[in-house]
Every structure is written in structure tokens, then in C-alpha cells.
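Asks:
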Amino acid sequence: MYRSLYPRDMLAEIDRLQRDMQQAFDLSPTIRGIARNGFPALNVGGTPSTIEIYAFAPGIDPSSLEVNLERGLLSISGERRSVLPEKDAKKTTVHINERFDGRFRRVLTLPDDADPEAVDARLRDGVLHITVQRRASAQPRRISVQ
Amino acid sequence: MNQDIQTTQGGQSPSRATGAASRAEAQQRARYSEATLTPPVDVIEDTQGITLYADLPGVSRDKLNLQVEADTLIIEAESGLALPEGLTSQHTEVGLARFRRVFTLSKELDADKVTAELTQGVLKLSIPKADHAQPRRIQVNVA
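Just so you know, the protein sequences line up as chains E and W, in that order.
Count the first sequence with this note's numbering and you get residues 48 to 193, in order.
Count the second sequence with this note's numbering and you get residues 580 to 722, in order.
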């Protein structure tokens, strides 16, 4: 059983496992598999006019952070420096090391109605919030009947 | 010996985008109202004391609550995300907005002198060792 990035209490974990099981029986999963346990953790949602992505990436070097959108594929990459001391530091012990460090890259496909020209990304308190507008022509329009 | 290092009363339930479909979510939330996420930590010890780093994404200073009670260190925090109107979730890896983690501090750590920094969602705690607990080298006598 894998260790999730933010482990929660047992009931929530069992619910999550149930959802994962349902996904596992999908006859034709995406070629990039079911995203799980990468860094940063992602929450993806949408409104009728936008696609919202939240990447939970505290303590990353903003100059190394890159958000790229190419042909419908959004990628978030960067580097988080380790806070651990040098290997030969004297009299320093690392007791717990759970936080991710190093280079990371996560990708996700955006739906067809995403507008690559209208992407906004904000980093605040370690959460990267990306908003992608949906193409205006793809939004539902009501057609009046004469 | 209760000691609030930084006080906050972020005790409200996390605000979420509302929608008819989220009533089921509200029921689930009631079931898990006590549920919190466990933030990953790095704990390093050197001669001066212990340094702890915790990932608390989306948490600003006013939503962080650190407490030291006797020898227990409690880290509680609430993340605040800007959620737009009518948001429906498609894929959720961080499903809760509250964090909590508890540690037992050993006697030689000076709980009164803890300092904390919160930048970019990373909490850095420095817990120094008490003066009387500074390392003393013990002479080993070879018989």
C-alpha cells in the first residue's frame, strides 16, 4: 500500500481506496495512467468558463518553477532544494525525512475547449493556482426559436 | 504549562464552493469534520537543537496555530484557497483544508524558546536545547 503525500485518517483512506478500485476497472485508462502521489499534489476542477488547477508546492524556488502549455498538455516543473545538511556534517542527525526534494515534473492533459492564450498562474503560500479559460466558442449558447 | 506561541482562532469549517451537487460532500464533511491532513516533516538535530520543517501549503500566518503543552508540540493549520464560483472537482489529491500534527518533545529541549517562520507554505521551527543540556563529553576510562 503506497504512502500518500498527505496521509489522513483511516475512514478517508478507505473511501479513497474504493474510488481508486473503481478507476482500476476502467477498460481503457489513459496512457499516462492514474495520477497518484507525485509532487506537487494536484487538485483539478472546473467552472463553466474555466479550468482550475491547484498545485500544492510549498517551499519551491520560484525561479526554477516552469508552467508550460503545449498542444493541450500542461506541465508543471521545477526544483525544491533539500533542507538536509551535507552528508559529512558533524554532529548533525536527520531524524525524519518525509518531505520531497529534488526536481519534479507533473503533466496533465487539458480538455479540448481550453484556450492556451488565456492562462493565468499565481503562486501564494506554496499553492500554485492555474486558471485556464475555456474557449468562448465552446461555451453553451442558447439558440432562440423563432 | 500551556503556551501559545502564535495565537489564531481559525476554527471555522473550511469554505468550499457551493453547488447542488456538493450536498453529498457536505454530509461527508460532517462525517469527517475532525479529519485533518498530516503534513510531511523533516526533522534535523544538531548541537544547538532541533529544526523542524513542515509542508503547509496554502497556510498563511493567521491560520497557523502552534501550541506547546507540557512536552507536547501541536501544529494545527488551515489552508485558504481562492475557490471560484461554481467550482466542481474533477481530481482531488488534497481533499481537506486542515492540517494537524503532534510531537512529543524530550526533556532537554527548551519549549519556551521555540521560534517559528512561515514562508511560502513551509513552517520552520527551531527548538533549542536547554542550556543545562549542552553536550558534555564523558571521559572513558580504560581499565
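Note that CB positions come from ideal geometry on N, CA and C, so glycine has one too.
Counting only beta-carbon separations shorter than 8 Å, does W:A600 have a partner in chain E?
Replies: Any reading at W:A600 must be qualified, since the residue scores a pLDDT of 44, below 50, and its modelled position is unreliable; no value is offered.
Asks: Can you name, in chain order, every residue of its own chain whose Cβ lies under 6 Å from the Cβ of W:A600, other than the five neighbours on each side?
Replies: Note that W:A600 has pLDDT 44, beneath the 50 cutoff, so the model's placement of it is unreliable and the number below is only indicative. Around W:A600: no qualifying Cβ.
Asks: Quick one: is E:I190 near chain W, going by C-beta distance under 8 Å?
Replies: Taking Cβ atoms only, chain W never reaches closer than 8 Å to E:I190, which makes this a no.
Asks: Run through DSSP, which three-state label would E:I61 get?
Replies: Three-state DSSP puts E:I61 in a helix.
Asks: Could you give the distance in angstroms between the alpha-carbon of E:L175 and the alpha-carbon of E:Y101?
Replies: Roughly 6 Å between the two C-alpha positions.
Asks: In the DSSP assignment, what are the bridge partners of W:N720?
Replies: W:N720 pairs with nothing; no bridge assigned.
Asks: What are the boundary residues of the beta strand (DSSP E) that E:I190 is part of?
Replies: Element bounds for E:I190: n/a, residue is neither H nor E.
Asks: Here's the rule I'm using: 16 or more other beta-carbon atoms within 10 Å means buried, otherwise exposed. How should W:A690 be labelled?
Replies: Classification for W:A690: buried.
Asks: Would you say W:I706 lies against chain E (beta-carbon separation less than 8 Å)?
Replies: No, W:I706 does not count as interfacial toward chain E.
Asks: Specify, as a first and last residue, the run of the beta strand (DSSP E) that E:G125 falls within.
Replies: Start and end: 120-127.
Asks: At a Cβ threshold of 8 Å, is E:D172 touching chain W?
Replies: Chain W, which has a Cβ nearer than 8 Å to the Cβ of E:D172, makes this yes.
Asks: For W:V673, would you say it is in contact with chain E, using Cβ-to-Cβ distances shorter than 8 Å as the test?
Replies: Chain E contact via Cβ: present.
Asks: Below 8 Å on the Cβ atoms is my contact criterion, and I expect W:V701 with E:G173 to pass it. Report the Cβ-Cβ distance as a whole number of Å.
Replies: That belief holds up - the Cβ atoms of W:V701 and E:G173 are roughly 7 Å apart, short of 8 Å.
Asks: Determine the chain W residues that contact E:K134 at a beta-carbon separation under 8 Å, and present them in chain order.
Replies: The premise fails here: E:K134 is roughly 13 Å from chain W at the closest Cβ pair, so nothing lies under 8 Å.
Asks: Whole angstroms are fine: how far does the CA of W:L643 sit from the CA of E:S191?
Replies: If you take the alpha carbons of E:S191 and W:L643, they lie about 53 Å apart.
Asks: Note down, in chain order, all residues in the region 652-672 of chain W with a beta-carbon under 7 Å from any beta-carbon belonging to chain E.
Replies: Flagged, chain order: L660, A661, P663, E664, G665, L666, T667, S668, Q669, H670, T671, E672.
Asks: Can you tell me whether W:E672 is buried or exposed, with buried defined as 16 or more other CB within 10 angstroms of its CB?
Replies: Flag for W:E672 reads buried.
Asks: Could you check the C-alpha separation between E:R79 and W:Q646 for me, to the nearest Å?
Replies: Whole-angstrom Cα-Cα distance: 43 Å.
Asks: Of all Cβ atoms in chain W, is any one closer than 8 Å to the Cβ of E:E145?
Replies: E:E145 counts as touching chain W.
Asks: Starting from the beta carbon of E:F103, find every residue of chain C whose beta carbon is closer than 9 Å, and list them in chain order.
Replies: Protein chains in the displayed structure are E and W, and chain C is not among them.
Asks: With a threshold of 8 Å between beta carbons, is E:N115 in contact with chain W?
Replies: Not closer than 8 Å to any Cβ of chain W, the Cβ of E:N115 fails to qualify, so no.
Asks: Please say whether E:E126 and E:R153 have beta carbons closer to each other than 8 Å?
Replies: Result no, Cβ atoms of E:R153 and E:E126 do not sit closer than 8 Å.
Asks: Alpha carbon to alpha carbon, how far is E:N90 from W:G659? Give it in angstroms, no decimals.
Replies: Near 14 Å, if we compare the C-alpha coordinates of E:N90 and W:G659.
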